[in-house]
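In the numbering used here, the protein residues as written are 3 to 267.
Backbone N, C-alpha and C define an ideal beta-carbon position, used for all residues, glycine too.
Right, one structure below, let's go through it.
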């Protein structure tokens with residue numbers, strides 16, 4: 003009898019040492035009540051916070067992308083995203099503002115950041131085109147690009163991406179517009195049109211989507227003026243920033259962007 007007890011005890015010791023417990027089989031885990039909870043959830047190991055600077059035209063898309071990203075990476079927090087004109091954001095970063103990720107509405111603004119040595123290797127993730135936006139009901143009877151010369155029109159300033167693209171569009175069409183105001187980002191242009199402070203404005207196609215206060219049309223030649231949006235992680239940032247950039251360019255980020263009207267890179 004004594005030898006049988008000793009043998010059983012030895013066998014139990016071997017089982018414990020080799021980890022042959024129910025929780026160790028097949029990668030399953032136990033909940034606090036000892037119930038089998040199925041395969042363990044894969045973790046990336048990334049933790050911390052991500053600060054993102056993004057072009058104003060990305061607001062709706064990036065707010066949704068950030069929420070989806072946090073659901074997939076619960077140990078990472080995306081701080082409230084800073085939105086503004088691309089050139090303004092680049093200037094802020096060069097002057098010392100802190101961010102982990104930058105997404106601009108054009109490649110020229112991004113190149114300024116790269117030239118400063120703060121980032122390298124930006125990658126395209128979306129495209130966008132221009133439309134003419136007018137208040138709902140089109141009180142100024144704006145039907146063509148040429149009509150902008152005869153009504154109150156607001157445009158983006160030429161130093162920001164939407165302004166540079168607008169200048170190209172108008173020059174190609176040989177249309178001269180005396181803008182009532184030049185705004186520092188496309189959101190400001192749309193806001194004035196929606197409020198009825200202007201008869202028309204030129205914005206990105208994605209900005210006019212879903213805004214009942216405005217209506218829009220794509221003018222002739224707009225398909226030849228395409229803005230490419232690049233994204234980059236800044237130097238000396240962590241794994242979480244790289245994960246966010248990858249997420250934007252990955253299947254879920256692209257699904258969100260394309261649903262909101264952005265084109266593929």
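Going by DSSP, what residues sit across from residue i in a beta bridge?
{"i": "residue 204", "result": "134"}
{"i": "residue 233", "result": "105, 125"}
Under a Cβ-count criterion, where at least 16 other Cβ atoms within 10 Å of its own Cβ denotes burial, should residue i be classed as buried or exposed?
{"i": "residue 81", "result": "exposed"}
{"i": "residue 255", "result": "buried"}
{"i": "residue 235", "result": "buried"}
{"i": "residue 144", "result": "buried"}
{"i": "residue 97", "result": "exposed"}
{"i": "residue 118", "result": "exposed"}
{"i": "residue 141", "result": "exposed"}
{"i": "residue 195", "result": "buried"}
{"i": "residue 78", "result": "buried"}
{"i": "residue 218", "result": "buried"}
{"i": "residue 253", "result": "exposed"}
{"i": "residue 250", "result": "buried"}
{"i": "residue 51", "result": "exposed"}
{"i": "residue 185", "result": "buried"}
{"i": "residue 212", "result": "exposed"}
Whole-angstrom Cβ separation of residue i and residue j, contact assumed at under 8 Å?
{"i": "residue 191", "j": "residue 132", "result": "Contact flag wrong, Cβ pair sits at about 11 Å."}
{"i": "residue 122", "j": "residue 147", "result": "Not really, about 38 Å apart at Cβ, beyond 8 Å."}
Legend entry - Segments assigned alpha helix (DSSP H), at least 4 residues, entirely inside the region 99–166: Along the region 99–166, the alpha helix (DSSP H) occurs as fully enclosed runs of 4 or more residues at 109–118, listed in sequence order.
Legend entry - Those runs of the alpha helix (DSSP H) which lie wholly inside the region 240–266 and span at least 4 residues: Runs found: 241–251, 253–261.
Legend entry - Start-end ranges of the alpha helix (DSSP H) lying completely within the region 52–82, minimum 4 residues: Annotation note: the region 52–82 contains the following uninterrupted alpha helix (DSSP H) runs of length 4 or greater, listed N- to C-terminal: 61–74.
Legend entry - Inter-stretch contact at 8 Å, needing at least 3 Cβ pairs: the region 126–135 / the region 197–216: The region 126–135, when compared against the region 197–216, does touch it at the 8 Å Cβ threshold.
Inset, instruction - Could you tell me whether the region 54–68 touches the region 104–121, where touching means 3 or more Cβ pairs closer than 8 Å? - result: Taking a contact to require three or more Cβ pairs closer than 8 Å, the region 54–68 and the region 104–121 qualify as touching.
Inset, instruction - At 4 residues or longer, and completely inside the region 164–203: list those alpha helix (DSSP H) runs for me, N to C. - result: Uninterrupted alpha helix (DSSP H) stretches at least 4 residues long and entirely within the region 164–203 occur at 188–196, given in chain order.
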